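Working notes, beginning with the structure itself.
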Amino acid sequence: MASEGVSLPLIHDLKKGDCSGRLECVDHASDSIVHPFHPIHSLRLLSKPHRVCDLCGRGIRGLGYHCETCGFDVDLHCAKYPPPEVIDMSETHPHKLTNLKERIEFDCDDKCGRNGDGYPYKCHECELHFHVDCVWHPTELKHPLEVNHPYHALHPLKPLTARFPDYSDGKCRLCGTKIDDRLFYHCSSCNFTLGLCCILKPPQPSLLNLKAHDHQLTLLPRLDSFTCNACGLKGDRSPYVCFQCGFMIHQDCLGLPRLININRHDHRVARTSVLGVVNSVCGVCRQKVDWTCGGFSCQRCPDYVAHSKCATRKDVWNGEELEGVPEEIEDIEPYKVIDENTIQHFSHKKHYLRLHDNGFLCDDNKRCRACTYPICLQSFYGCMDCDFILHQNCAGFLRKKWHVLHNERLTLVTKETTVFRCKACDRLSNGFRYQHANKTFDVLCGSISEPFVHPSHPDHPLYNISEYERCNGCKNRRFGVLRCIEDGCRFVLCFKCATLPQVVKHRVDNHPLSLCYGEKASDKFWCDICEKETNSETWFYTCKDHRASLHIMCVLGKFLGLMPTSTLRRWSRSYKVVLNNSVSRPFCSCCQLRCIFPIILKRLGTSSQEYCCSPYCAYEMSVN
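Under UniProt numbering, read the sequence shown as residues 1 to 624, first letter to last.
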């Protein structure tokens, strides 16, 4: 069934009186349209990554139409050829199907296996729903039989649908994106293929873009290998070229920003046409940078450079161009120095803090207000008038900082005492936190920056990798880990293992326990806390004479990040955080086992003594 389509000034009319159906020239796509499936607002033509067409469910490559009010998206094909309101598909279904023209969740009766979320067709007699592209195949639409395109004057281009020629790479000759196989134009004599995007809105033949280059640039519409002077990466087709100085640039590098913030560096970085730092390494991917090409560099740190593509990744840059935006000068230092042993921390301005160099011998009641870990053989600042304590290291955490797991700057929050779950390590905490919008990190994970050196891998630094990797500490697969990038070394740490305390105190031993990074052993080891076998190849805690191997979970428990004596409201109930240090360990009201973890929760507001040893048990108590 053919569709009438949307009345768009996309292509010039066919030549009158010419039965060949030939398009003599190509015009630009309309900048805005009103679509029959979204008549309440106009749609604007733009190129925005990571969008999906709301009608057909396909990913939008390059240009598409978007409603800034509702977020409605359609690709170029569904914009020009919208699905019909009613479909008669009597060969496969006995009744007519009507498009609902509203977004709903549904089960597709075509058994396609995909989630139903969109604008479905519905059979009102059978009460069945179908995806648009499961029942509508627009192969009969009347497309121009030939297109004379300005970038291929030798031969006209002819429309093809559903199948690429075997010799084609399936990409548009001009923009290099993978072509939507529902409709594309092709010249078999020259193996020249264009997608609908570049048919309707071809790139400019020449342009002057002073943000990209000082001279006029000309499009070279051909397959040819080149190195982009803006990003230093290889290209295989249709660059813009400056014939005056030999400058070549990818089309998608024309819009690179001039001045940005990235989450791998504390200062702004600016784009430069020649990096000029010999033997330099990208601050994001840690790979070698071609110093003769363009990229981003820091004017404060002469050696810091980054590939253009790395600096503008969506997990590195927040998308904001800062050229012309004055840089705010903020005081992000966390304390003022009173004398060589005394400071005034911004979170505790009413009293001064005094430095203690040698720490306590692991006193559970002396805990850092920032990380909530006990003071254990570590230098710390103690308040001269009250019991406020900060590890010396925690006292130095900046009030604002960038973090590799978030591309907006984080703020150190010290007054909030509600419980949160750290986005990096997934632990519960009510200590200090680094926060922006809905992203919250505890101060230990939030303070990690690159390069990161851990005692378990002292020879090489670790860098954040946005991939799934298996952690060397816990042996679990995690996303967004810290990895060694040296050749042949695959050492990986998750944020949870990277922030485990190196030394802890537990009632099972009179001496402090040290974190052991696993070892090969033929003998079996048993945990003295839970009395179950341990895996010596995973990390564990051990005592002074190394005769014990204790599970990390048994030593630390599930509530390591909660401050004892604090109260919290969670799982629809109120609890007090208590140390499990009595002579007789209480029973957990959920699992009915004695609580073995060092910190547990005691339920408030009940006459009976109700305890829970883990978040799982607390949740089960709340629903039962």
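Just so it is clear, CB atoms sit at the ideal spot from N, CA and C, and this is done for glycine as well.
Please read all numbers here as calculations on a predicted model, not as lab measurements.
Identify, in the order they occur along the chain, each residue of the same chain with its Cβ nearer than 7 Å to the Cβ of residue i, setting aside the five sequence neighbours on each side.
| i | result |
| --- | --- |
| Asp315 | Asn407 and Ser466 |
| Leu196 | Leu76, His77, Asp180, Leu183 and Phe184 |
| Lys366 | Phe360, Pro374, Ile375 and Ile389 |
| Glu327 | Arg268 |
| Asn99 | Pro83, Glu85, Tyr119 and Tyr121 |
| Cys285 | His307 and Cys310 |
| Ser42 | Ser32, Ile33 and Val34 |
If contacts are defined as beta-carbon pairs under 8 Å, then residue i and residue j qualify, I think. What distance do you get, rounded to the angstrom?
| i | j | result |
| --- | --- | --- |
| Glu323 | Leu259 | 5 Å |
| Leu355 | Gln392 | 7 Å |
| Arg585 | Arg594 | 4 Å |
| Gly295 | His307 | 6 Å |
| Gly557 | Phe597 | 3 Å |
| Thr227 | Cys293 | 7 Å |
| Gly473 | Leu493 | 6 Å |
| Val281 | Gln287 | 7 Å |
| Cys394 | Ala424 | Not a contact, Cβ separation roughly 16 Å. |
| Arg103 | Asp54 | 7 Å |
Skipping 5 residues on each side, what residues in its chain have a beta carbon closer than 6 Å to that of residue i?
| i | result |
| --- | --- |
| Glu486 | His460 |
| Asn110 | Note that residue 110 is Asp in the sequence shown here, rather than Asn. Contacts found: Phe130 and Cys134. |
| Leu568 | Val419 and Tyr575 |
| Cys591 | Cys617 |
| Leu208 | Gln216 |
| Asp88 | Lys96 |
| Val305 | Leu275, Val277, Ser280, Val289, Gly295 and Ser297 |
| Thr342 | Tyr352 and Arg354 |
Under a Cβ-count criterion, where at least 16 other Cβ atoms within 10 Å of its own Cβ denotes burial, should residue i be classed as buried or exposed?
| i | result |
| --- | --- |
| Leu154 | exposed |
| Gln216 | exposed |
| Tyr616 | exposed |
| Gln244 | exposed |
| Gly64 | buried |
| Cys112 | exposed |
| Asn358 | exposed |
| Ile249 | buried |
| Trp526 | exposed |
| His50 | exposed |
| Lys349 | exposed |
| His511 | exposed |
| Val555 | buried |
| Tyr240 | buried |
| Ile262 | buried |
| Gly246 | exposed |
| Phe72 | buried |
| Asp214 | exposed |
| Ser225 | exposed |
| Tyr381 | buried |
| residue 679 | The structure shown does not extend to residue 679, since the chain is modelled only from 1 through 624, so no value can be given for it. |
| Gly276 | exposed |
| Ser447 | buried |
| residue 625 | The shown model of the chain, from 1 to 624, leaves out residue 625, and the question about it has no answer. |
| Lys309 | buried |
| Leu23 | Low confidence applies here, because Leu23 scores a pLDDT of 39, under 50, leaving its location unreliable; read the following figure in that light. Classification of Leu23: buried, given that the 10 Å Cβ count is 16 or more. |
Looking only at its chain, what residues have a beta carbon closer than 8 Å to the beta carbon of residue i, apart from the 5 residues adjacent to it on each side?
| i | result |
| --- | --- |
| Asp426 | Lys496 |
| Pro564 | Asp364, Asn365, Arg367, Val577, Val578, Leu579 and Ile599 |
| Ser206 | Gln216, Leu217, Thr218 and Leu219 |
| Glu533 | Lys524, Phe525, Trp526 and Cys527 |
| Thr609 | Here residue 609 turns out to be Gln, not Thr, going by the sequence shown. Excluding sequence neighbours, Gln609 sits near Pro586 and Lys602. |
| Ser47 | Gly62, Leu63 and Gly64 |
| Thr372 | Ser429, Asn430, Gly431, Leu560, Gly561, Leu562 and Met563 |
| Ser7 | Only weak support is given to the placement of Ser7: the predicted model assigns it a pLDDT of 34, under 50, and the value that follows is read from those uncertain coordinates. Contacts found: none. |
| Ile338 | Gln344 and Tyr352 |
| Asn191 | Pro165, Tyr167 and Ser168 |
In chain order, which alpha helix (DSSP H) runs of at least 4 residues are fully inside the segment 152-227?
-> Here the runs fully enclosed are 196-200.
Any 3 or more C-beta pairs closer than 8 Å across the segment 501-512 and the segment 532-545 | Cβ pair count under 8 Å is three or more, so yes.
Could you give the uninterrupted runs of the beta strand (DSSP E) lying entirely in the segment 89-123, keeping only those of 3 residues or more?
-> The segment 89-123 contains these whole beta strand (DSSP E) runs: 97-99, 104-106, 116-118 and 121-123.
At which residue ranges does the segment 383-408 contain complete beta strand (DSSP E) runs of 3 or more residues, listed in the order of the chain?
-> For the segment 383-408, whole beta strand (DSSP E) runs of length 3 or above, ordered along the chain, are 389-391 and 400-403.
Is it a yes or a no for the segment 394-403 touching the segment 450-460, going by three-plus beta-carbon pairs under 8 Å?
-> Because the criterion of three Cβ pairs below 8 Å is not met, the segment 394-403 and the segment 450-460 do not touch.
In chain order, which beta strand (DSSP E) runs of at least 3 residues are fully inside the UniProt domain "DC1-like C-terminal" (575-617)?
-> The UniProt domain "DC1-like C-terminal" (575-617) contains, as complete beta strand (DSSP E) runs of 3+ residues, the segments 599-603 (chain order).
Kindly provide the ranges of any beta strand (DSSP E) runs that are 3 or more residues long and lie completely inside the segment 497-571, ordered along the chain.
-> Complete beta strand (DSSP E) runs here, min 3: 513-516, 540-542 and 567-570.
Please go through the segment 335-381 and give each complete alpha helix (DSSP H) segment of 4 or more residues, from N-terminal end onward.
-> If only complete runs of 4 or more residues are kept, the segment 335-381 shows no alpha helix (DSSP H) anywhere.
Scan the segment 257-338 and note each continuous alpha helix (DSSP H) run of 4 residues or more that stays entirely inside, going in chain order.
-> Fully enclosed alpha helix (DSSP H) runs of 4 or longer: 308-311.
Please go through the segment 397-473 and give each complete beta strand (DSSP E) segment of 3 or more residues, from N-terminal end onward.
-> DSSP runs (the beta strand (DSSP E)) wholly in the segment 397-473: 400-403, 406-413, 433-436, 439-442 and 462-470.
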